[in-house]
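Numbered per full-length UniProt numbering, the sequence shown spans residues 1 to 357.
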Amino acid sequence: MKMLAKWRLLSLFTLMALVLSGCGEPYLSTLRPAGEVAQSQYELMLLSTAIMVGVIAVVTIIFIYVIMKFRRKNDNEIPKQVEGSHKLEILWTVIPILLLLILAVPTVAATFKLADVSPMEKKNAEGKTDALVINVRANLYWWEFEYPNEEIITSQDLVVPTDEKVYFNLKASDVKHSFWIPSVGGKMDTNTDNINKFWLEFDSKGADEAGGLFYGKCAELCGPSHALMDFKVKALPRAEFDQWVAGMQGVKEPVKAETATAQQGQEIFNNSCIGCHAVTPANTAPEAARVGPNLTNFGDRSRVAGVMDMSEENIKKWLEDPEAYKPANKMTGKYAELSEEELDALTEYLMGLKVQK
Numbered sequence: 001m002k003m004l005a006k007w008r009l010l011s012l013f014t015l016m017a018l019v020l021s022g023c024g025e026p027y028l029s030t031l032r033p034a035g036e037v038a039q040s041q042y043e044l045m046l047l048s049t050a051i052m053v054g055v056i057a058v059v060t061i062i063f064i065y066v067i068m069k070f071r072r073k074n075d076n077e078i079p080k081q082v083e084g085s086h087k088l089e090i091l092w093t094v095i096p097i098l099l100l101l102i103l104a105v106p107t108v109a110a111t112f113k114l115a116d117v118s119p120m121e122k123k124n125a126e127g128k129t130d131a132l133v134i135n136v137r138a139n140l141y142w143w144e145f146e147y148p149n150e151e152i153i154t155s156q157d158l159v160v161p162t163d164e165k166v167y168f169n170l171k172a173s174d175v176k177h178s179f180w181i182p183s184v185g186g187k188m189d190t191n192t193d194n195i196n197k198f199w200l201e202f203d204s205k206g207a208d209e210a211g212g213l214f215y216g217k218c219a220e221l222c223g224p225s226h227a228l229m230d231f232k233v234k235a236l237p238r239a240e241f242d243q244w245v246a247g248m249q250g251v252k253e254p255v256k257a258e259t260a261t262a263q264q265g266q267e268i269f270n271n272s273c274i275g276c277h278a279v280t281p282a283n284t285a286p287e288a289a290r291v292g293p294n295l296t297n298f299g300d301r302s303r304v305a306g307v308m309d310m311s312e313e314n315i316k317k318w319l320e321d322p323e324a325y326k327p328a329n330k331m332t333g334k335y336a337e338l339s340e341e342e343l344d345a346l347t348e349y350l351m352g353l354k355v356q357k
């Protein structure tokens with residue numbers, strides 16, 4: 001009875017795992033593709049799964065049939081011995097080959113299609129690409145997105161147009177990371193010694209289902225805060241994307257603080273934080289000001305440090321002790337202790353860094 005109870009419990013957990021494996025939000029699920037790349041990979045996954053399930057089903061049926069058909073009827077009966085059957089040998093050699101071909105042909109075709117990044121190499125008369133190209137730089141533990149054609153840089157929030165191919169140059173600043181937007185396409189490593197290239201397409205229908213927002217992850221173990229190395233992807237119609245670009249390009253100098261408290265916060269920022277954080281989106285910012293995330297549109301974001309909801313309270317928590325929320329991040333140990341008044345002032349200034357009106 002105890003053994004039966006254990007088997008029932010095991011069966012229940014197995015069923016729960018099967019059901020839960022199909023759960024997922026539209027903004028963070030590989031099983032709900034929202035783009036051409038994701039759809040292609042999803043279809044290949046379904047094909048391989050169908051082949052595996054088919055093989056298991058056929059083998060199981062044959063196994064049961066053989067057991068029932070050729071079982072020994074009595075102790076004196078010896079079943080007919082079959083040895084060296086050419087038909088069987090040909091059959092179990094040809095069938096796996098055919099199954100491999102059925103899986104290999106579309107896989108290889110999709111691999112070459114998804115690896116075609118030639119449009120990002122073609123320059124026009126202005127020396128720029130007609131295709132949208134984004135340079136992704138992975139850092140411990142945040143992401144930088146540079147739009148070379150548009151001459152702007154942002155961090156943590158990747159903004160892209162829908163229904164067109166977006167090309168990426170991927171590189172890491174420190175250790176190996178991996179760029180992954182589960183709903184839109186498979187991951188690609190970011191290395192320190194070479195640049196990887198690939199493209200994604202963000203489907204407008206899928207973006208609508210996800211509320212125009214997807215989540216990206218680092219898919220390569222990179223340190224203590226690997227699980228917290230997230231970023232957001234805002235997928236916008238082309239017209240709205242162009243408006244966002246124009247808004248970012250319009251920021252030629254840091255946003256000026258309006259209140260006395262915010263002005264005090266700006267002074268604190270300029271005396272310390274500016275050494276690592278830029279507050280203008282121009283891609284001419286010195287490398288020293290790219291040690292930390294670009295904060296030009298910090299006030300427009302919905303998260304602090306990529307993992308905390310945007311609020312004055314959470315900004316203060318982060319400024320007081322970043323190590324508590326992202327262990328081993330580069331900001332840890334590099335900030336001065338601030339009084340409550342200074343924290344309030346710096347928080348107000350940071351929340352005022354907005355581009356979207």
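Ideal Cβ positions, reconstructed from N, Cα and C, are used throughout, including at glycine.
- Secondary structure at Ser178: strand, using DSSP grouped into helix, strand and coil.
- Remark: three or more beta-carbon pairs, one from each stretch, lie closer than 8 Å, so the segment 118-132 and the segment 156-176 are flagged as touching.
- In its chain, beyond the 5 residues on either side, Val136, Ser155, Gln156, Phe231 have a beta carbon closer than 7 Å to the beta carbon of Trp143.
- Beyond the five residues adjoining it in sequence on each side, Val355 comes within less than 7 Å, by CB distance, of Gly247, Met248, Val251, Thr296, Asn297, Asp300 in the same chain, given in chain order.
- Closest in alpha carbon position to Thr107, among Ser48, Met308, Asn139, Val58, is Ser48.
- Under the three-state reduction of DSSP output, Pro106 falls in the helix class.
- With a cutoff of 7 Å on beta-carbon distance, Leu158 and Val184 are scored as not near each other.
- Around the beta-carbon of Asn139, 16 or more other beta-carbon atoms lie within 10 Å, marking it buried.
- Considering only Glu312, Pro281, His277, the residue with the shortest C-alpha distance to Val291 is His277.
- If only complete runs of 3 or more residues are kept, the segment 25-110 shows no beta strand (DSSP E) anywhere.
- Its chain contains Asp189, Thr190, Asn191, Thr192, Glu220, Cys222 as the residues whose beta carbon lies nearer than 8 Å to that of Lys176, once the 5 sequence neighbours on both sides are disregarded; these appear in chain order.
- The beta strand (DSSP E) runs of length 3 or more contained entirely in the segment 191-274 are, from start to end of the chain, 196-201, 213-218, 230-236.
- Bridge partners of Arg137 according to DSSP: Glu144, Lys171.
- Using a 10 angstroms sphere on the CB of Pro182, the tally of other CB atoms reaches 16 or more, which defines it as buried.
- In this structure, the alpha-carbon of Ile274 lies about 32 Å from that of Thr129.
- Within the same chain, Cβ atoms closer than 6 Å to the Cβ of Ala34 are found at Ser183, Val184, Asp203, Gly206, the five residues on either side in sequence being excluded.
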